[in-house]
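In UniProt numbering, the protein residues as written are 1 to 503. We put the CB at the ideal spot given by N, CA and C, even for glycine. Being a predicted model, the structure only gives us computed values, none of them experimental.
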């Protein structure tokens, strides 16, 4: 009996030995390790409440309360971090003003253009009429009829629907025969030598023709000072080299003083009037960046009318903004500006050039030509008289650019111009010089000024007959220009540290 009991015991022992639990696998070890480390972290953590969750002596209800509290705290922390990121990405840049500013003699003086409101010289139009009457195709016209027909050339300036004595653009185009629009309009424009009487630059009397060039602007050919664009062909110069940032080191500069700046005496000769693009006697003063084409719809442009027998003082205030290259990693959609070298649309990017090119391509696509009072475009035809009807159709739309926003305000009334045109590639320039202008007019009395002897006049005004004369003085209003710096509101490590601080 004892032997049977002993055998049974051995059998049971061997059976249990065979059923011994297998060794734990790696997953079980990992789970146990995580549980142990997590419990130890919660016990030693400085975050209030975690140690109560793993304490065996903590009541169940208290654990629930601590769990809810921690979840709410986590949600609040995540919300604060999200708000910080959202604030950064909605306004990642900051603009600060440097208190000392920058001396105005370090900044290029703005370009000044002078254009008579009379855009076509009567004398030049008469000579052209006599020349055209000699052609066999114009034998049926009298000189008076030809002069009335040539008045229609003003349609190249005024593309809005106005009355041009019922002159047919096609009839005028046929009467002109073969012609180059630029050469024709340049020959008909009043000359600088007839408009400019005396000039002074920074207290030094100068020959006006040495200071002013006869250049193309949005108002046709005008007398321009300090307009440094080397040519009138769009976005490339005669040597096929592109513009560069070093060009802003050159150009006429002035100081802040009463007699500094540009002084010009203008003679507005009403006897030569033929066509006015603005129904006012006098001239237009144009102001723009020295390297930008003077064009109002493209920006960087200001204009003022000066009447006969008026002294006008133009007070220029400059501001300079320099953007740090640190902002270049911020998407353009957020920073809303471009550097001069980061656009595939232009070899040297400026906002004015971009807008101008966009508008020119719009007119080129619709009318197969570009207006003569814009820059010339390589391999593109300049619009002539037969293109006037098309230009009238699309001109209003071409000067109405849709803003780069998700929802266009209805107050802009873009529906009236077929929605305007889209130029999404055009953003303001990050680093730029901006000018503002104040204009002050004083009426002068030529009868009195002519009685003043030369001995009592300024040297540059001696011998001048002030009848029909206007006086322009363009100068700086302050000795320093406001200087602004643009940078990111915080670097990436500042953003991360601020987010970690919230925890």
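Going by DSSP, what residue range makes up the alpha helix (DSSP H) through residue i?
i	result
residue 32	26-44
residue 561	The requested residue 561 does not occur in the structure, where the chain is confined to residues 1 to 503.
residue 153	From DSSP, residue 153 is part of no alpha helix (DSSP H); its letter is neither H nor E.
residue 106	That residue, residue 106, is in no alpha helix (DSSP H); it is neither H nor E in DSSP.
residue 448	446-449
residue 54	50-54
Spatial neighbours of residue i within its chain, please: CB distance less than 7 Å, with the 5 preceding and 5 following residues excluded, ordered by chain position.
i	result
residue 279	none
residue 58	52
residue 480	101, 102, 103, 104
residue 229	291, 293
residue 43	51, 54
residue 125	147, 150, 188, 274
residue 204	none
residue 60	none
By the DSSP assignment, the beta strand (DSSP E) with residue i in it spans what residues?
i	result
residue 144	Premise fails: residue 144 lies in the alpha helix (DSSP H), 143-150, not in any beta strand (DSSP E).
residue 505	Since the first residue shown for the chain is 1 and the last is 503, residue 505 is missing from the structure and cannot be characterised.
residue 100	93-103
residue 459	Segment: none, residue 459 is in no beta strand (DSSP E) and carries neither H nor E.
residue 488	480-488
residue 518	The structure shown does not extend to residue 518, since the chain spans only 1 to 503, so no value can be given for it.
residue 475	469-476
residue 113	111-116
Quick test of your reading: residue i and residue j, contact by CB under 8 Å. State the CB separation rounded to the nearest angstrom.
i	j	result
residue 320	residue 107	6 Å
residue 120	residue 266	Actually they are not in contact, since the Cβ atoms of residue 120 and residue 266 sit about 18 Å apart, beyond 8 Å.
residue 474	residue 316	6 Å
residue 190	residue 118	6 Å
residue 146	residue 132	6 Å
residue 93	residue 488	6 Å
residue 289	residue 111	7 Å
residue 201	residue 211	6 Å
residue 277	residue 219	7 Å
residue 352	residue 296	10 Å between Cβ atoms; not a contact.
residue 355	residue 426	5 Å
residue 435	residue 318	5 Å
Taking 8 Å as the limit between beta carbons, can you name the residues of its chain near residue i, skipping five residues before and five after?
i	result
residue 421	358, 359, 362, 397, 398, 400, 401, 402
residue 65	none
residue 370	360, 363, 364, 376, 377, 380, 381, 382, 383
residue 63	52, 53
residue 241	At residue 241, the pLDDT of 45 sits below 50, so the modelled position is not reliable; the number obtained from the coordinates is stated separately. Here the set comprises nothing.
residue 394	362, 363, 366, 367
residue 122	271, 272, 273, 274
Give every residue of the same chain whose Cβ lies closer than 6 Å to the Cβ of residue i, excluding the five residues on either side of it in the sequence, and list them in chain order.
i	result
residue 504	The question about residue 504 has no answer, for the chain in this structure spans 1 to 503.
residue 472	264, 312
residue 302	287, 437
residue 323	430, 431, 486
residue 38	none
residue 215	224, 227
residue 442	311
residue 418	397
residue 335	93, 327
residue 206	199
Handout entry: the stretch 214-227 / the stretch 182-201 touching (three or more Cβ pairs under 8 Å)
Key = Between the stretch 214-227 and the stretch 182-201, the count of Cβ pairs shorter than 8 Å is three or higher; the stretches touch.
* Asked: Which runs of the alpha helix (DSSP H), 4 residues or longer, sit entirely within the stretch 167-239?
  -> As far as the stretch 167-239 is concerned, its whole alpha helix (DSSP H) runs of at least 4 residues are 169-176, 181-188, 192-195, 208-211.
- request: Scan the stretch 362-431 and note each continuous alpha helix (DSSP H) run of 4 residues or more that stays entirely inside, going in chain order.
  value: Within the stretch 362-431, the complete alpha helix (DSSP H) runs of at least 4 residues are 388-398.
Discussion item. Runs of 3 residues minimum, wholly inside the stretch 289-330: which ones carry the beta strand (DSSP E) assignment?
Written reply: Here the runs fully enclosed are 301-306, 310-323.
- Counting Cβ pairs closer than 8 Å, one from the stretch 170-190 and one from the stretch 376-385, do we hit at least three? Yes: the two stretches touch, three or more of their Cβ pairs being nearer than 8 Å.
Count the C-beta pairs between the stretch 335-355 and the stretch 421-432 that are closer than 8 Å, then say yes if the count reaches three, no if not. Touching, yes.
Quiz item: Should the stretch 454-466 be called in touch with the stretch 77-90, which here means at least 3 C-beta pairs below 8 Å?
Solution: The answer is no - the stretch 77-90 does not touch the stretch 454-466, with fewer than three Cβ pairs under 8 Å.
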